[in-house]
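Per the numbering used here, the very first residue in the sequence shown carries number 71; after that it's consecutive.
Positions of the beta carbon are idealized from the N, C-alpha and C atoms, including for glycine.
No experiment lies behind these values; they were computed from the predicted model shown.
Let me begin by presenting the structure, written as structure tokens, before commenting on it.
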Amino acid sequence: MQAPVQRAAAPVQRRRTPLGAPITPVEPSAAADGELTVQRSPFRRSHHSAVGALAASAAATVADTLGRVEPRGTERPEDPPPAYSPAAVDAAPPPYTVGSTPVASDDEAPPAYTRVPEGSFDPKGLSDFQVDELVHRMVGRITRLIRTELRMDRERIGRLRDDHR
């Protein structure tokens, strides 16, 4: 024969202990006639609460660990950064200086054009048909990539149909 199941008349309020506080175990109480009673909570537990508890525990562990660890090579500044001050709207632009072109450090001219060696690929030697075929292949691939990106964007925002056509 099984022991009778006793349910709580009113929901039991559970309090969480503060972090770091000692946890005192609860002594089981026996019934007057020596039978053990089982008390169950009034709500039904599911696997979702276990998953939520595991996720909360993992998040707390990660937050606690990251709170104590500082990235290597970074130092905390002693003083906070200066406050943001927007530029004046009516301020004049900085003065223009004539002749401030960047100059190469070695003052060398760029290399001169060299002809393509005989027997290697020369793009200027392609016939019109070859240029057309090359452009057709490139445009076809680029168009396919652009269409794929646009379709993925529509899927991401939830609009699978293009109603603008």
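With a beta-carbon spacing of about 29 Å, Val186 and Asp177 fall beyond the 8 Å limit used to define contacts. Note on geometry: alpha-carbon atoms of Pro150 and Thr167 lie some 36 Å from one another.
DSSP places Phe199 in the helix class (H, G or I) of the three-state scheme.
A straight line joining the alpha-carbon of Gly195 with that of Arg224 spans about 43 Å. Ala133 and Ala153 have their C-alpha atoms some 29 Å from each other. The three-state secondary structure of Arg229, taken from DSSP, is coil. In this structure, the alpha-carbon of Ser190 lies about 53 Å from that of Pro163. Under the three-state reduction of DSSP, Pro151 is assigned to coil, being neither helix nor strand. DSSP places Arg221 within a helical segment (H, G or I) once states are collapsed to three.
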